[in-house]
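>
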Amino acid sequence: MTLALFEAFGIEAEYMIVDSDSLNIKSSTENVLRAQNNGDLEDEVEVGEVSWSNELVSHVIEIKGNGPKKDLPKLEKDFHQSLLKINQHLENEKAQLLPTAMHPWMNPYKETKLWPHGSKEIYEAYNRIFNCQGHGWSNLQSVHINLPWKNDEEFGRLHAAVRLVLPLIPGMAASSPIVENHLTSRPDNRLLFYHENQKAVPSITGAVIPEAIFTLQGYQDLLKRIFRDIAPHDPDKILQHQWL
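Take 0 as the starting number for the sequence shown in numbering that gives the first Met the number 0 and just add one per residue.
(1) What are the start and end residues of the beta strand (DSSP E) that includes G66?
(2) Alpha carbon to alpha carbon, what distance is there between S141 and A173?
(3) Assuming P175 and N188 make a contact with CB atoms under 8 Å, what is their CB distance in whole Å?
(4) When we look at the beta-carbon of E75 and count the other beta-carbons within 10 Å, is it buried (16 or more) or exposed?
(5) Ignore the nearest five residues each way along the sequence and tell me which others in V200's own chain have a CB closer than 6 Å to its CB.
(6) The alpha helix (DSSP H) spanning E29 covers which residue range?
(7) Can you tell me whether M258 is buried or exposed, with buried defined as 16 or more other CB within 10 angstroms of its CB?
(8) Between the C-alpha atoms of L4 and L157, what's the straight-line distance to the nearest angstrom?
(9) For L83 and L71, what's the separation of their Cα atoms in angstroms?
(10) From E153, F226 and R224, pick the residue whose C-alpha is nearest to that of E6; which is it?
(11) Within the chosen definition, does the stretch 42-51 reach the stretch 101-113 through at least 3 CB pairs nearer than 8 Å?
(12) Taking the straight line between their C-alpha atoms, what separation do you get for E210 and P107?
(13) Can you tell which of E54, L139 and D151 has the C-alpha that lies nearest to the C-alpha of E120?
(14) Runs of 4 residues minimum, wholly inside the stretch 175-210: which ones carry the alpha helix (DSSP H) assignment?
(15) Under three-state DSSP, which class holds S50?
(16) DSSP state of L97, grouped into three classes?
(17) Would you mind working out which of P67, K25 and E90 sits nearest S137, comparing C-alpha positions?
(18) Output the boundary residues of the beta strand (DSSP E) element that contains N126.
(19) Taking the straight line between their C-alpha atoms, what separation do you get for T214 and R162?
(20) Just how far apart, CA to CA, sit E11 and N23?
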């Protein structure tokens with residue numbers, strides 16, 4: 000079934016895991032996923048209407064709705080219950096979740112541990128091309144909002160609205176003024192590092208605010224250009240998918 004604009008939502012949120020006393024990062028995502036899955040390790044574990052999964056680095060865990068959801072207030076409650084449950088698992092090793100966009104004193108050049116299981120070839124490819132031992136990769140938490148559309152008209156309207164809203168979000172949600180224990184003059188260092196983290200293939204990030212596209216074909220043409228740009232770095236086509 001094709002969903003119409005705003006008929007449902009896909010929400011994903013990333014959280015870092017830290018030591019409860021020091022708040023230093025702690026690579027415990029594997030332990031949480033095992034604890035919730037009777038000791039077996041899976042990259043993604045379903046918990047009711049929510050899924051938990053690994054991310055690029057071993058101290059970050061992602062929670063998301065396990066499919067499009069029409070009831071956002073209910074999904075918020077489901078997310079909250081998952082956060083409580085994850086923290087219960089982490090209590091056993093004196094750890095907890097920490098929100099915000101970046102860890103304020105993590106040194107990614109010394110502390111980064113890439114996820115070593117499952118689809119690790121994806122993370123290894125990213126690391127080989129972009130060097131993921133940096134703030135824009137291993138010290139960066141995001142929230143993703145996925146929205147449906149049923150035709151080109153809805154796609155064009157949605158994409159235009161997204162381009163208008165994106166520049167406003169840092170003014171409302173910036174939460175990364177501190178980098179490696181230094182207070183900077185920028186409230187949103189996360190966005191700065193995000194802008195710079197794929198310099199080897201600059202067309203992926205572009206100007207952060209996406210160019211104007213009004214049809215699905217236009218979007219597919221853009222993806223083809225990005226795939227062409229990364230192809231010399233990605234001969235096995237590991238990364239040449241729409242999530243790139």
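Even glycine gets a Cβ: it sits at the ideal position worked out from N, Cα and C.
Concretely, from the data shown:
(1) On the sequence shown, residue 66 is found 67 positions in, with the first residue counted as 1. Neither: G66 is in no beta strand (DSSP E) and is coded neither H nor E.
(2) Indexing the sequence shown from 1 puts residue 173 at position 174. Indexing the sequence shown from 1 puts residue 141 at position 142. Straight across, the Cα-Cα distance linking A173 with S141 is about 11 Å.
(3) Reading the sequence shown from its first residue, position 176 is the one you call residue 175. Reading the sequence shown from its first residue, position 189 is the one you call residue 188. Per the sequence shown, the amino acid found at residue 175 is Ser instead of Pro. Taking C-beta atoms under 8 Å as the contact rule, S175 and N188 qualify, at a distance of about 4 Å.
(4) Taking the first residue of the sequence shown as 1, we reach residue 75 at position 76. Within a 10 Å sphere around the beta-carbon of E75 sit fewer than 16 other beta-carbons, which makes this residue exposed.
(5) Translated into positions along the sequence shown, residue 200 becomes position 201. Once the five neighbours on either side are set aside, the close Cβ partners of V200 are D228 and I229.
(6) By 1-based counting over the sequence shown, the position of residue 29 is 30. From DSSP, the alpha helix (DSSP H) with E29 extends over T28 to Q35.
(7) Because the chain here runs from 0 to 243, residue 258 falls outside it and cannot be looked at.
(8) Working through the sequence shown from its first residue, we reach residue 4 at position 5. Working through the sequence shown from its first residue, we reach residue 157 at position 158. One Cα belongs to L4, the other to L157, and the distance between them is close to 8 Å.
(9) Here residue 83 refers to the residue found at position 84 of the sequence shown. Here residue 71 refers to the residue found at position 72 of the sequence shown. Whole-angstrom Cα-Cα distance: 18 Å.
(10) Indexing the sequence shown from 1 puts residue 6 at position 7. Measuring from the Cα of E6, the nearest candidate turns out to be E153.
(11) No, because fewer than three Cβ pairs between the stretch 42-51 and the stretch 101-113 fall closer than 8 Å, the two stretches do not touch.
(12) Walking along the sequence shown from the start, residue 210 turns up at place 211. Walking along the sequence shown from the start, residue 107 turns up at place 108. Distance between the alpha carbons of E210 and P107: 31 Å.
(13) The sequence position of residue 120 within the sequence shown is 121, counting from 1. Taking only the C-alpha atoms, the option nearest E120 is E54.
(14) For the stretch 175-210, whole alpha helix (DSSP H) runs of length 4 or above, ordered along the chain, are 188-195.
(15) By one-based count along the sequence shown, residue 50 stands at place 51. S50 sits in a strand when the DSSP states are folded into three classes.
(16) Translated into positions along the sequence shown, residue 97 becomes position 98. Three-state DSSP puts L97 in a strand.
(17) Here residue 137 refers to the residue found at position 138 of the sequence shown. Comparing Cα positions, the closest option is K25.
(18) For the purposes of this step, residue 126 is taken as the residue at position 127 of the sequence shown. Here N126 belongs to no beta strand (DSSP E); instead the alpha helix (DSSP H) covers K119 to F129.
(19) The residue labelled residue 214 in the question sits at position 215 within the sequence shown. The residue labelled residue 162 in the question sits at position 163 within the sequence shown. For T214 and R162, the distance between alpha carbons rounds to 15 Å.
(20) Sequence index remark: in the sequence shown, residue 11 carries index 12 (1-based). Sequence index remark: in the sequence shown, residue 23 carries index 24 (1-based). Going by the C-alpha atoms only, they are around 24 Å apart.
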